Amino acid sequence: MAKLIELKGLSKSFDGEKVLNAIDLYIRDGEFITLLGPSGCGKTTMLRIIGGFETADEGRLLFEGTDIGHVPAYKRHINTVFQKYALFPHLNVYENIAFPLRLKKVKEDDIQQRVTDMLKMVALSGFENKSVSTLSGGQQQRVAIARALISHPRVLLLDEPLGALDLKLRKDMQNELKTIQKAIGITFIYVTHDQEEALSMSDTVVVMADGEIQQIGTPTDIYNEPKNAFVADFIGESNIVDGIMLEDKKVKFSSHIFDCVDGGFAKNEAVDVVVRPEDVDVVEPSRGMLTGQVTSVTFKGVHYEIIVDIGGFKWMIQSTDYVAPDAYIGLYIEPDAIHIMKKSKYSGKFGDYSSFSDELDRLSDAELAEEF
Amino acid sequence: MQQLDIPKKKPSFMRTIAAAPHIVWAVMFIVLPLIVVVWYAFTDAEGHVSFENIAGLSDYADTFLLSLELSVIATFVCLLIGYPLAYMMARAPKHRQKFLVMLLMLPMWTNLLIRTYSIMAILDDGGFLNTLLGTDLHIIGTKGAVIFGMVYDFLPYMVLPIYTCISKIDRHMWEAAEDLGCTPFQVIRKVILPLSTSGVVSGVTMVLVPSISTFYISQKLGGGTFELIGDTIERQFVSGALNTGAAISFIMMLLILLSLAIMNRFTDADEGGVIV
């Protein structure tokens, strides 16, 4: 796939505060790429620069090799699906979708054909004459998608498009968006703070924090090989402990020496060790590599979420078997479940479940209320 | 089991008490005067029911048409000036908008009569403008002067509702329009203008109604050369012809109500378009 959009050293500040810091990124033609990160990480600003609603302070924005940094939004072959849909209330469903075609003075027969096809694609046939204000959130979203796609843009930008929908509808729309993207084969650039959404839909995930790109990769890469403590923590649940790389494939943490599969570190280099909660097996204390006392057990439906105190550090373990609170248990970890990362500025900030609560976890959803 | 005693909800006494002053006010100063006007319109000087007042109104048709002509022109000019002004105000940075609204309101802190007098002093034959330019223009007494006075006095009533309406349009509407291919001008024509019709209708109403019934502006700036319907009404009352004055007022009210009803059809009911 050829490079379609390229960001070179892109920076942007608002009121002296750096929102994007020298971003380098390329986006291939036809891929589904997701910008993922917490509130204020700069992902929406990046999308708005690509869409033409903001101008970067520094750096270049290339579209097929030409600088489009100062090309106004209406001249770009890039359309946007806004978080709050932004449908025109004075037009009905049909006219909303036909809007871009009318601007281009497309013939009436063509318009009718294309709008009908588009409505079929987003499963809204028969809604032509409805007023947009009578539609549900999901239906409005579909109209917005149809309206953004009808003029055959090269790129579709989606700014948290499913943020306002309920969980069930969100799942359906995720599948549908993916299907639409595959069917028409254009580039989708998707912004979200929901890691699950990012993992399940994207070809490429760009994890962002503090105005910088933390990692770019396929969903599996990002999940299995997180580059630093931030990524490991933001994508899924992670236990992140301090470790010492004794030699290749030997790491010491929590006073125990483990076999692992990573290498290429200096002798006795301090590292961050990531172990996913679902990769830890609960065993008898005598057979465990580590032992500790269970401090809490929460039933989550598919599994139990168990917090274990191991030498003062609290681990999260997901297990389908119940363990009683206060019990002593042993932990067994396979070598390939241990992932070693270099130390970064995020080391020590994440991955300890001492202060863990669902409530804190949900704070990242506060982004829904974010207003630029 | 003992039945819990849940009191039924009925209009509370306190609420009735609280609303009372407003009701008394409305009856005394709105309903009663209206009844008096209607009563006078349909009676003669001796207090007998009579339709002569209404029947005799055709004499004033020319005056009425002239009032209509001048006020429609003034409203149109207000719209031409007011819409772009309101648009620019709504697009200005937030902190500057307050200042601009204050500038717009500032002349309204001065009494309408005084403002009209000032215009007279400026436009008069030997007035400020002619002195300044060293010319001998005759402006007072022309239709132009009256229209100018109406526009000057009532422009804020056009700008404010439109400004409020445009500034309430979600920023994403502008962006979506631009995103979908609108040039900056098309954004205004295809999206902003249709979404601000309710503001335009309010503005038009709020300028047209006072313009059509004004008597002061036409007296001062018209230089006594022509009479508008407001002047006619005033003259009837001053000269003691209460019944004729009431009849003209009554018909004026009907006409204004009718035009409001027509204008309301242009706005969505839920937007609550016309304020008057």
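Here the protein sequences come in this chain order: A and B.
Mapping the first sequence onto the working numbering, position 205 (from 1) lands on 205, and the numbers just tick up by one.
One gets the working numbering by counting positions in the second sequence from 1 and adding 1000 to each.
All residues carry an ideal CB built from backbone N, CA and C; glycine is no exception.
This one's a predicted model, so the numbers in the text were calculated from it and none came from an experiment.
In the three-state DSSP reduction, B/ARG1265 falls in the coil class, being neither helix nor strand. For the region 74-88 of chain A, the residues whose beta carbon sits under 9 Å from a beta carbon of chain B are, in order, TYR74, LYS75, ARG76, ILE78, ASN79, THR80, PHE82, GLN83, LYS84, TYR85, ALA86, LEU87, PHE88. Counting the other Cβ atoms within 10 Å of the Cβ of A/ALA148 gives 16 or more, which makes it buried.
Annotated three-state conformation of B/TYR1157 is helix, per DSSP. Residue burial annotation: B/MET1088 is exposed, with fewer than 16 other C-beta atoms found within 10 angstroms of its C-beta.
Runs of the alpha helix (DSSP H) spanning 4 or more residues and lying entirely within the region 1018-1082 of chain B occur at 1032-1041, 1052-1055, in chain order. The distance from the Cβ of A/GLY16 to that of A/GLY59 is about 18 Å, inconsistent with a contact at the 8 Å cut-off. When CB distances to chain B are screened at a threshold of 7 Å, the residues of the region 49-67 of chain A falling below it are GLY51, PHE53, in chain order. Pairing A/PHE230 with A/ILE340 gives a Cβ-Cβ distance that is not under 8 Å.
According to the DSSP assignment, A/ILE257 belongs to the beta strand (DSSP E) that extends over 256-259.
Boundaries for B/ARG1189: no beta strand (DSSP E) harbours it, and the DSSP string shows neither H nor E there. Setting aside the 5 residues that flank it on each side, A/GLN293 is surrounded in the same chain by ASP309, TYR328, each with a C-beta closer than 6 Å to its C-beta; the list follows chain order.
Residue state for B/THR1214 is assigned as coil, using DSSP reduced to three classes. Between A/TYR322 and A/TYR85, the alpha-carbon positions lie close to 45 Å from each other.
A/TRP315 sits buried, since 16 or more C-beta atoms from the chains shown fall within 10 Å of its C-beta.
In the three-state reduction of the DSSP assignment, A/GLY217 falls in the strand class. In the structure shown, A/TYR85 adopts coil according to DSSP, grouped into three states. For A/LEU103, the nearest CB of chain B lies under 8 Å from its own CB, placing it at the interface with that chain.
In this structure, A/ALA209 lies near A/GLY37, with their beta-carbon atoms less than 8 Å apart. A/LYS343 sits in coil when the DSSP states are folded into three classes, being neither helix nor strand.
Here the region 87-102 of chain A lies against the region 127-141 of chain A, with 3 or more beta-carbon pairs under 8 Å apart. At a cut-off of 8 Å between beta-carbon atoms, A/PHE99 makes contact with chain B.
Counting the other CB atoms within 10 Å of its CB gives B/ASN1111 a total below 16, which places it among the exposed residues. Straight-line spacing of the CA atoms in B/CYS1182 and B/ILE1140 works out to 46 Å. Taking a cut-off of 8 Å for Cβ pairs, the region 58-75 of chain A and the region 235-245 of chain A do not touch, as fewer than three such pairs fall below it. Taking the C-beta atoms as reference points, A/GLY288 is found nearer than 8 Å to A/TYR332. Linking B/PRO1033 to B/ILE1122 through their CA atoms gives a straight-line distance of about 38 Å. By the Cβ criterion, the region 1204-1217 of chain B is in contact with the region 1155-1168 of chain B, since at least three pairs of Cβ atoms, one from each stretch, lie closer than 8 Å.
In this structure, DSSP gives A/TYR322 a state outside helix and strand, which the three-state scheme calls coil.
Taking all protein chains in view, the Cβ of A/PRO153 is crowded by 16 or more other Cβ atoms within 10 Å, so the residue is classified as buried.
With contacts defined by Cβ atoms closer than 8 Å, A/MET173 and A/GLN214 do not form a contacting pair. Spatial neighbours of B/HIS1138 in its own chain (CB-CB distance under 8 Å, excluding positions within 5 residues in sequence) are listed in chain order as ASP1125. When C-alpha distances from A/GLY30 are compared across A/VAL155, A/LEU7, A/LEU20, A/GLY52, the shortest belongs to A/VAL155. The three-state secondary structure of B/VAL1151, taken from DSSP, is helix. Taking each of A/THR298, A/PHE188, A/ILE49 in turn and checking the Cα distance to A/GLN318, the smallest one comes out for A/THR298.
Boundaries of the beta strand (DSSP E) harbouring A/TYR190: 187-192, taken from the DSSP string.
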